[in-house]
Amino acid sequence: MKKIVIALVLFCSINAFAQSDTDFTYTEFHEPKLNIGYLILGNFDVSYEYLLSEESGVGVNLMIPFDDYVEWNINYNLTGYYRFYFGDNYADGFFAEVFANLNNVEDRIDIEGTDPVERRDKDITDLALGLSAGYKLVSSGGVTLEAFLGGGRNLFSEYNSSRNFDFVLRAGLNLGYRF
């Protein structure tokens, strides 16, 4: 009988020890978001972020104006980004971001070879690299709210010296859901 009791106590203690070492918590990794700040101004701006770890995530953003409430001169804007989070929770709190922005805008440029210099509208596609910073709040139910601001510089267009859109702004007030 003593052997059975000792074996039972030993088995229960091993089982309890094993349970304490295997704490498993499920973390959500997907975040679709809508930029409500731009939506109010007539601009469809959606993002998707995939969380790589508790400190970082990668994402993509698409912006297309749909209303002439604000004269955007932007045809589309496609941005890929990498974020590093500084908060105590999983991908929450302050973050810094590096981004690459493919943009197509209607811009006024100088036409060389004309005297006086003539300016015409032209659709120009360019790539900008830049930095942003912001803050993200995540509720216990998975709703996210983030605000961020940053900027970058267009790099490759031959018209950069005479453009209005030499720099790009990256800003937003995003509402999303983490699952």
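With mature numbering (1 follows the signal peptide of the UniProt record, and there is no 0) as the guide, the letters of the sequence shown map in order to residues -18 to -1, 1 to 161. Even glycine gets a Cβ: it sits at the ideal position worked out from N, Cα and C.
Across the set Val42, Thr107 and Ser121, the C-alpha of Thr107 shows the shortest separation from the C-alpha of asparagine 136. Boundaries around tyrosine 63 are those of the beta strand (DSSP E), 56 to 67, since no alpha helix (DSSP H) includes it. Rounded to whole angstroms, the gap between the alpha carbons of methionine 45 and phenylalanine 26 is 6 Å. In this structure, glycine 112 lies away from phenylalanine 76, with their beta-carbon atoms at least 7 Å apart.
In chain order, Asp108 and Leu109 place their CB closer than 7 Å to the CB of phenylalanine 138, counting only its own chain and leaving out the 5 sequence neighbours on each side. Rounded to the nearest whole angstrom, the CA to CA distance from tryptophan 54 to leucine 84 is 16 Å. Each residue's CA atom was taken as its position, placing asparagine 86 and phenylalanine 48 some 15 Å apart. When the Cα atoms are used, alanine 129 and glutamate 31 turn out to be separated by approximately 15 Å. Per the coordinates, the alpha-carbon of glycine 134 lies some 18 Å from the alpha-carbon of phenylalanine 66. The alpha-carbon of tyrosine 51 is positioned some 9 Å away from that of isoleucine 22. Annotation for tyrosine 117: the continuous beta strand (DSSP E) segment containing it runs 100 to 120. CA-CA distance, glycine 19 to valine 120, rounds to 18 Å. Counted as a single uninterrupted DSSP element, the alpha helix (DSSP H) harbouring glycine 19 occupies residues 18 to 22. Per DSSP, the beta bridge partners of phenylalanine 76 are Tyr117. The three-state secondary structure of arginine 160, taken from DSSP, is coil. For tyrosine 30, the enclosing beta strand (DSSP E) stretches over residues 25 to 33.
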